[in-house]
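S.K.: Let me begin by handing over the structure; questions about it come next.
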Amino acid sequence: MLAYIVRRLLLIIPTLFGIMLINFAIVQFAPGGPVEQTLAQVRQQAIGATARISGGGSEVVQTESSRGARGLDPQFIEELKKQYGFDKPAPERFWQMLKSYVRFDFGNSFYRDRSVVDLVLDKMPVSISLGLWTTLITYLISIPLGIRKAVRDGTQFDVWTSTLIFVGNAIPVFLFAILLIVVFAGGSYFQWFPLRGLVSDNWHDLSWPARIVDYFWHMALPLTALTVGSFASLTMLTKNSFLDEIHKQYVLTARAKGLTERQVLYGHVFRNAMLLVISGIPGTLLSILFTGSVLIEIIFSLDGLGQLGYESVINRDYPVVFGTLFFFSLLGLIVAIIRDVLYMLIDPRISFESRS
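Quick note on numbering: the sequence shown equals residues 1 to 356 in this note's numbering.
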């Protein structure tokens, strides 16, 4: 196992290089970079000043402002490029970025006047809260429900729960989140839950029991929206895994020995059937943490990593975009290794080292 882990860790280096190279190349062709956005703002300000001066009737100053609105000083443009690091060729910028990332130096945001690391650490608690609680609730619902559906396969319980699961899976997460806001957050009917934020403004003045209640009061709607969009596939995976194991020969042998259904189910079937389900926990958490919560954070105004990434892409804040991309890609590759190790620990019969 150790040799396999070492090989996978070494494979992270070329994989990360490829991810960063492809995304860096795509960005070079994307219009509306930080330099272009700043120049557009300066021109817009010059045009606005021209309009105000024109209204006051000053013809001489109007001519100078109109000239500034039509064209900017080339030296100013070059200084702006140097400020954003675009005065060097693309290969040189990419190489300098990689050297900085090896030292985990992700630079500073173009617009927030803070380092990328500080921004990520500041937004992390919101995304971690959504990811951990959603994963926990999803597994607590999906595993018992999937087992019961497998045991009662083909019954009325299996049919109507499958109907509910498919309906829940068919509803987009963002649409269900909007529905929750309309119904329960003061949209049109009830105002039982807050619309934005992870905690109330006076959270620090509350007692600890009141803080806990306030925290879950704010988390109720986002967690409901994420859980409804997550538990369907896991429930069906659990059911199918148990059904596959229940019909195997060793289960028939255990029943022939006189073991009860509970002993057969939890003493023999459970470990083998839960292999895929348990080993998928890191990947499920990562997907909820960094991808599934993006729209939820935006809809519920939760200042987390999803909203940070979205705003960074919109504003072309490249240090934040590439810094978070590097960090999340590295984390995803490490989680993939952890998932494979869990496979081998749960079922020693699995060996990735034997694969050619």
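Beta carbons: idealized from backbone N, C-alpha and C, even for Gly.
Just so it is clear, the structure is predicted and the values come from calculations on it, not from any experiment.
With a 10 Å radius around its C-beta and 16 neighbouring C-beta atoms as the bar for buried, classify Glu409 as buried or exposed.
M.R.: Residue 409 is absent from the model: the chain starts at 1 and stops at 356.
S.K.: Based on Cα-Cα distance, which residue from Gly186, Leu98, Val102 and Ser233 lies nearest to Leu164?
M.R.: For the purposes of this step, residue 164 is identified with residue 164 of the sequence shown, where counting begins at 1. Closest option to Leu164, Cα to Cα, is Ser233.
S.K.: Please classify Thr63 as buried or exposed, where buried requires at least 16 other C-beta atoms within 10 Å of its C-beta.
M.R.: As a working mapping, residue 63 is identified with position 63 in the sequence shown. With a pLDDT of only 40 at Thr63, under the threshold of 50, the placement of this residue in the model should not be trusted; the figure read from the coordinates follows. Exposed is the call here.
S.K.: Using 10 angstroms around the beta-carbon of Val182, count the other beta-carbons present and answer buried if the total reaches 16, otherwise exposed.
M.R.: For the purposes of this step, residue 182 is taken as residue 182 along the sequence shown, with counting starting at 1. When all chains shown are included, Val182 counts as exposed.
S.K.: Do the region 16-36 and the region 73-87 make contact, defined as three or more Cβ pairs closer than 8 Å?
M.R.: With a cut-off of 8 Å, the region 73-87 and the region 16-36 count as touching, because enough Cβ pairs lie within range.
S.K.: Run through the DSSP bridge pairs and tell me what Asn108 is partnered with.
M.R.: For the purposes of this step, residue 108 is taken as residue 108 along the sequence shown, with counting starting at 1. Looking at the DSSP assignment, Asn108 forms a beta bridge with Ser115.
S.K.: Mind checking whether Ile137 and Phe242 have CB atoms under 7 Å apart?
M.R.: One-based indexing of the sequence shown puts residue 137 at position 137. One-based indexing of the sequence shown puts residue 242 at position 242. No. Outside cutoff.
S.K.: Taking the straight line between their C-alpha atoms, what separation do you get for Gly267 and Gly258?
M.R.: Your numbering for residue 267 matches position 267 in the sequence shown. Your numbering for residue 258 matches position 258 in the sequence shown. Distance between the alpha carbons of Gly267 and Gly258 is about 13 Å.
S.K.: As an exercise, report each continuous beta strand (DSSP E) stretch of at least 3 residues that is fully enclosed by the region 136-212, in chain order.
M.R.: For the region 136-212, not a single whole beta strand (DSSP E) run of length 3 or above is found.
S.K.: For the candidate residues Pro222, Phe231 and Ser129, whose alpha-carbon lies nearest to that of Ala170?
M.R.: In the sequence shown, residue 170 corresponds to position 170, counting from 1. Answer by Cα proximity: Phe231.
S.K.: Applying the criterion that 16 or more other CB atoms from any shown protein chain within 10 Å of the CB defines a buried residue, is Lys239 buried or exposed?
M.R.: Mapped onto the sequence shown, residue 239 falls at position 239. Buried, because 16 or more other Cβ atoms sit within 10 Å of the Cβ of Lys239.
S.K.: The alpha helix (DSSP H) that contains Phe231, what's its start and end?
M.R.: In the sequence shown, counting from the first residue as 1, residue 231 sits at position 231. First-last of the alpha helix (DSSP H) with Phe231: Phe231 to Ile246.
S.K.: Which class does Thr324 belong to by DSSP, given the choice of helix, strand or coil?
M.R.: In the sequence shown, counting from the first residue as 1, residue 324 sits at position 324. Thr324 falls in the helix class under three-state DSSP.
S.K.: Are Arg414 and Ile337 touching if we call contact CB-CB under 7 Å?
M.R.: What the structure shows of the chain is the stretch from 1 to 356, and residue 414 is not part of that stretch, so it cannot be assessed.
S.K.: Please state the DSSP three-state secondary structure of Val61.
M.R.: Start at 1 with the first residue of the sequence shown, and residue 61 comes out as number 61. The predicted model places Val61 with a pLDDT of 38, which falls under 50 and marks its position as unreliable; any figure quoted below should be read in that light. Looking at Val61 - three-state DSSP - the assignment turns out to be helix.
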